[in-house]
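Encoded as structure tokens, the structure appears first; notes follow it.
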Amino acid sequence: MLFLDDSKMKNFTSCFKEKKFLRFFFNQLRINQTGRYVEFPYISLCGRERNFVRCDDYPIVFTHVIDDKLAFNHAGDLLLLKFQPDKIYMLPESGRVYHPAPEKTGSIGLVRSKLAIEFSKHFIFENGDTKSPTHFKWNDTVHVLDQEWFKKSRKNI
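Heads up: the sequence shown begins at 1 in the UniProt record's numbering, then just goes up one per residue.
Now the structure itself:
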């Protein structure tokens, strides 16, 4: 993830490791609708400071499951969203796995590779393994996967 702060580009992963700061930064993150720095599709307002952000995929990255919630962006239990097992989506072309994220950041979050590998053990592919999985078995319940939320959200970005 890269961000622009006062015309200086920085690599986010090397700059910020403090969980309370991460919670603040990502709670302020939203789609950049300022018309400035359009190559940075997200912005995080931190007081008078504006951090323009871009990343390879989506800025919300789910890192692990805590009870019935997904933790994201390496902030542990400070950044959590309700886990919706029926909303897991795997993009067949890349193998990347996604889950709904806050609407203000585009409604799509990437599932970290390590967690996606764990999730992949629970996928059921009724349409063949070259298509997205159709079901996800989680906690002894088989969930029919909703494929439409991802497609709709992607159109809105």
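All C-beta atoms in this analysis are idealised placements derived from N, C-alpha and C, irrespective of residue type, glycine included.
Computed from a predicted structure; not experimentally measured.
Beta strand (DSSP E) segment containing S44, residue limits | Y42 to C46
Since V61 and R112 are thought to touch, with beta carbons under 8 Å apart, how far apart are those beta carbons, to the nearest angstrom?
-> 6 Å
With which residues is W138 paired in a DSSP beta bridge?
-> T141
Kindly indicate the opening and closing residues of the beta strand (DSSP E) around I66.
-> V61 to I66
Roughly how many angstroms lie between the CA atoms of E93 and F21, to the nearest whole one?
-> 35 Å
My understanding is that F83 touches K69, with C-beta atoms under 8 Å, so please give their C-beta distance in whole angstroms.
-> 6 Å
Does DSSP put F119 in a helix, in a strand, or in coil?
-> helix
Rounded to whole angstroms, what's the CA-CA distance from L80 to H122? Just pull it up for me.
-> 22 Å
Name the two residues that bound the continuous beta strand (DSSP E) containing K152.
-> First-last for K152: E148 to K155, but that is the alpha helix (DSSP H), not the beta strand (DSSP E).
Thinking C-beta only, is S153 closer than 9 Å to I108?
-> yes
For N127, count neighbouring Cβ atoms within 10 angstroms of its own Cβ and tell me buried if that reaches 16, exposed if not.
-> exposed
Going by beta carbon distance, what residues of the same chain come within less than 7 Å of I66, once the five residues before and after it are set aside?
-> D77 and L80
Bridge partners of residue 201, per DSSP?
-> The shown model of the chain, from 1 to 157, leaves out residue 201, and the question about it has no answer.
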